[in-house]
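Visitor: Residue numbers (full-length UniProt numbering): 1 to 456. Glycine residues also receive a C-beta, built at the ideal position from the N, C-alpha and C atoms.
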Amino acid sequence: MTTHEYDVAIVGAGTSGCYAAATIANAGLDAVIIERKDAEEAGHIACGDALKGADKFPSAIPKSKIEPAFTNTGVDHGRFEIPSHDTVLEIPVPGELAVIDRLKYGKLLIEGAEEAGAELHYDTVVNDVKQTDDGQVTGVVGKRKGDPVEYDAEVIIDGAGALSLLQDKADFEDATFDTNVRYSQFCSAYREIVEVDEEVEWDDALVFKPTERAAGYLWYFPRTSTEINAGLGFQMNEEPMQMIDDLKDDLRDREEFENAEVTDKLGAALPTRRTYDSAVAPGYMAVGDAAAHVNPTTGGGIAGAAYAGQYAAEQAVEAIEDGDVSEDALWHYNERVMEHFGARYAGLDVYNILSTAVDVDDLMGLLAALPGKKLAEALYDGKTSMGPLLAARTAINSFGYWRQILDFYKVKQVAEQVIDHYERYPSSPDALEAWQRQRDELMETVYDVTGAEPKY
Ligand SMILES: Cc1cc2nc3c(=O)[nH]c(=O)nc-3n(C[C@H](O)[C@H](O)[C@H](O)COP(=O)(O)OP(=O)(O)OC[C@H]3O[C@@H](n4cnc5c(N)ncnc54)[C@H](O)[C@@H]3O)c2cc1C
């Protein structure tokens, strides 16, 4: 058994792991990223390649480092195709948006972490977590090309992505770490990179289209006007979709994809749930998909992963310098995540819950009736409001959907209450249980109003 020692060991060379490692190394501490893939494959991640908030990315890896991977910065709106209502909605997307060459971006991130001083150990699969009898995490165990290897560290940062194996292995019985995690809170997604002969007309838009069922959607994101990321996903509480066939069917129906060539295929799971209530345990922090730092309505998780990686690492540095890596000492990381996006994502999760309970036709009719700008606010902020004029126009457009609009209004109100509650996220672990109790009461109202099965 080879044993390595670092101040911080980070599992996973994805967005969250690279930002975490760069932050640790920038602070002058020893950081290693442990990655199961080999050097060539690392950074090749299943993704729609849409990077929202590209203008204000965290600083641990300079934006100039990753910018060469931004292949399309001319995208400024979403195009929602609703065939059942013969409608196309053009909806502005707030903030800067880029469609990226995901593999290039992944490689540049790893380079950025290395340039900051982090080490990369490829071909190393972590398969266990080291803990003391009282639950303190002290390291991880794995295999490098078949040989056993272990890493001892003051803090382990889990950036191993959705359904992280580390969380199955660790015992969090006495920690606040969120273990209320089930498959049904995830989405299964698949994408192909497709090259077309003629430039597509919608190279300034992210194209979305509902699948046959409410809890799924297809997307077409233009990396360039002739290179399209085409994919789809469905919520795992539904019957599995034949994703490859369903995508093929839709591609076949679109004339712009005639004679198209598929150059890459990849699929994976992603969390479509609220952010973990707590992503810390003694000596341990989870970041990115491993702690559900993903917008549960759009599936966008790159920005959340980057920020969480940096926030976790900043807290780890402070804790190590103070000689205390207890849950208390790491807690402030949870607060920063909730303040930045966790509260918003919890509100958006309410709409995700709604989407699992409503009829797809009703939902699409309602979407077709709502003003685009308001829809954009609901999608990205979780909060939206309407003046009387707009409300009247919406009511006229939405004749036939007033019942749903009333229900939607009730859902919106409870979503806002959820966000308000998250804005009161506790400042220490002792107060978490009481806060969770109150949140769970609000969730009862969410299930009542939406008619959905409990998700948590
Ligand atoms: C099909 C699809 C489309 C998506 N589209 C978008 C999009 O358009 N825009 C967007 O913002 N987000 C999108 N997302 C979500 C986004 O890809 C993720 O939120 C983001 O990649 C999370 O980064 P991460 O660093 O947390 O995890 P990941 O990027 O998943 O990285 C985890 C890393 O850990 C490694 N690893 C895992 N287990 C181990 C182990 N046991 N030992 C060692 N290494 C391990 C993996 O090999 C991987 O390199 C999409 C996701 C999917 C699946």
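According to DSSP, which residues form a beta bridge with Gly231?
Guide: Walking along the sequence shown from the start, residue 231 turns up at place 231. Answer by DSSP bridge pairing, in chain order: Arg191 and Trp219.
Visitor: Would you mind sorting Thr263 into buried or exposed? The rule is 16 or more other CB atoms within 10 Å of its CB.
Guide: As a first step, residue 263 must be located in the sequence shown, where it is residue number 263. Label assigned to Thr263: exposed.
Visitor: Report the CB separation of Gly299 from Gly342 in whole angstroms; it is logged as a contact under 8 Å.
Guide: Your numbering for residue 299 matches position 299 in the sequence shown. Your numbering for residue 342 matches position 342 in the sequence shown. With 8 Å as the limit, Gly299 and Gly342 do not qualify as a contact, their Cβ atoms being about 16 Å apart.
Visitor: If we require 4 or more residues per run, which alpha helix (DSSP H) segments fall completely within the stretch 238 to 313?
Guide: Listed in chain order, they are 243 to 253.
Visitor: For Val93, tell me which candidate among Ile100, Ser64, Ala50 and His121 has the shortest Cα-Cα distance.
Guide: The sequence position of residue 93 within the sequence shown is 93, counting from 1. Val93 has its Cα closest to that of Ala50, out of Ile100, Ser64, Ala50 and His121.
Visitor: Once you ignore the five residues that flank Glu198 on each side, which residues in its own chain have a CB closer than 8 Å to its CB?
Guide: Within the sequence shown, residue 198 is the residue found at index 198, counting from 1. Taken in chain order, the residues that qualify are Thr226 and Glu256.
Visitor: Any idea which residues DSSP pairs Glu150 with across the strands?
Guide: For the purposes of this step, residue 150 is taken as the residue at position 150 of the sequence shown. Per DSSP, Thr3 and Val141.
Visitor: Is Thr15 a contact residue of ligand 1, with contact defined as CB to any heavy atom under 7 Å?
Guide: Position 15 of the sequence shown, counting from 1, holds the residue named residue 15. Yes, the beta carbon of Thr15 sits closer than 7 Å to at least one heavy atom of ligand 1.
Visitor: Please find out if some non-hydrogen atom of ligand 1 comes closer than 7 Å to the beta-carbon of Thr124.
Guide: Position 124 of the sequence shown, counted from the first residue, corresponds to residue 124. Within the cutoff, so yes.
Visitor: Can you tell me whether Ile91 is buried or exposed? The criterion is at least 16 other CB atoms within 10 Å of its CB, across all chains shown.
Guide: On the sequence shown, position 91 is the one that residue 91 refers to. Per the 10 Å Cβ criterion, buried.
Visitor: Taking Asn180 as part of the alpha helix (DSSP H), name the residues at either end of that continuous run.
Guide: Sequence index remark: in the sequence shown, residue 180 carries index 180 (1-based). Unbroken run through Asn180: none, as it is neither H nor E.
Visitor: Run the proximity test for Leu442: is its beta-carbon closer than 7 Å to any non-hydrogen atom belonging to ligand 1?
Guide: Position 442 of the sequence shown, counting from 1, holds the residue named residue 442. Because no heavy atom of ligand 1 lies under 7 Å away, the Cβ of Leu442 does not count as near it: no.
Visitor: Could you tell me if Ala434 is buried or exposed, where buried requires 16 or more neighbouring beta carbons within 10 angstroms of its beta carbon?
Guide: For this step, residue 434 is matched to residue 434 along the sequence shown. Ala434 comes out exposed.
Visitor: With C-beta atoms as the reference, is Thr445 less than 8 Å away from Glu327?
Guide: Residue mapping note: residue 445 aligns to position 445 of the sequence shown, counting from 1. Residue mapping note: residue 327 aligns to position 327 of the sequence shown, counting from 1. The answer is no: Cβ separation not under 8 Å.
Visitor: Using three-state DSSP, classify His332 as helix, strand or coil.
Guide: Mapped onto the sequence shown, residue 332 falls at position 332. Note: His332 maps to helix in three-state DSSP.
Visitor: Is the beta carbon of Asp324 closer than 8 Å to that of Arg223?
Guide: Within the sequence shown, residue 223 is the residue found at index 223, counting from 1. Within the sequence shown, residue 324 is the residue found at index 324, counting from 1. No, the pair does not count as a contact, with Cβ atoms beyond the cut-off.
Visitor: From what residue to what residue does the alpha helix (DSSP H) around Arg424 run?
Guide: Indexing the sequence shown from 1 puts residue 424 at position 424. Where Arg424 is concerned, there is no enclosing alpha helix (DSSP H), given that its DSSP letter is neither H nor E.
Visitor: My understanding is that Val126 touches Val11, with C-beta atoms under 8 Å, so please give their C-beta distance in whole angstroms.
Guide: Here residue 126 is taken as the residue at index 126 of the sequence shown, counted from 1. Here residue 11 is taken as the residue at index 11 of the sequence shown, counted from 1. Indeed they touch by this definition, with Cβ atoms about 5 Å apart.
Visitor: Thinking C-alpha only, which one of Ala205, Arg424, His332 and Gly283 is nearest Leu89?
Guide: Numbered from 1 along the sequence shown, position 89 holds the residue referred to as residue 89. Ranking the options by Cα distance to Leu89, first place goes to Ala205.
Visitor: Should Tyr178 be labelled buried (16 or more other beta-carbon atoms within 10 Å of its own) or exposed?
Guide: Your numbering for residue 178 matches position 178 in the sequence shown. For clarity, residue 178 is Asp in the given sequence; the question names Tyr instead. Asp178 comes out buried.
Visitor: My understanding is that Ala9 touches Ala118, with C-beta atoms under 8 Å, so please give their C-beta distance in whole angstroms.
Guide: Sequence index remark: in the sequence shown, residue 9 carries index 9 (1-based). Sequence index remark: in the sequence shown, residue 118 carries index 118 (1-based). With a Cβ gap of about 10 Å, Ala9 and Ala118 do not count as contacting.
Visitor: Asp171 by DSSP, collapsed to three states: which one?
Guide: Indexing the sequence shown from 1 puts residue 171 at position 171. Three-state DSSP puts Asp171 in coil, outside helix and strand.
Visitor: Within a Cβ cutoff of 6 Å, which residues of the same chain sit near Leu247, ignoring the five residues on either side of it in sequence?
Guide: The count along the sequence shown starts at 1 and reaches residue 247 at position 247. The answer, listed in chain order, is Leu232.
Visitor: Sort out for me which residues DSSP pairs Phe208 with in a bridge.
Guide: Here residue 208 refers to the residue found at position 208 when the sequence shown is read from its first residue. According to DSSP, Phe208 bridges with Phe80 and Trp219.
Visitor: So what does residue 463 bridge to, in DSSP terms?
Guide: Residue numbering for the chain in the displayed model covers 1 to 456; residue 463 lies beyond these limits and cannot be assessed.
Visitor: Could you tell me which residues DSSP puts in a beta bridge with Thr87?
Guide: Position 87 of the sequence shown, counted from the first residue, corresponds to residue 87. Answer is Ile82, bridged to Thr87.
Visitor: Within its chain, find whatever has a CB closer than 7 Å to the CB of residue 465; leave out the 5 residues flanking it on each side and keep chain order.
Guide: Absent from the structure is residue 465, since the part of the chain shown begins at 1 and ends at 456.
Visitor: Please name the residue, chosen from Asp277, Gln310 and Tyr333, that lies closest to Gln438 on a Cα-to-Cα basis.
Guide: Walking along the sequence shown from the start, residue 438 turns up at place 438. Of the candidates Asp277, Gln310 and Tyr333, the one whose C-alpha sits nearest the C-alpha of Gln438 is Asp277.
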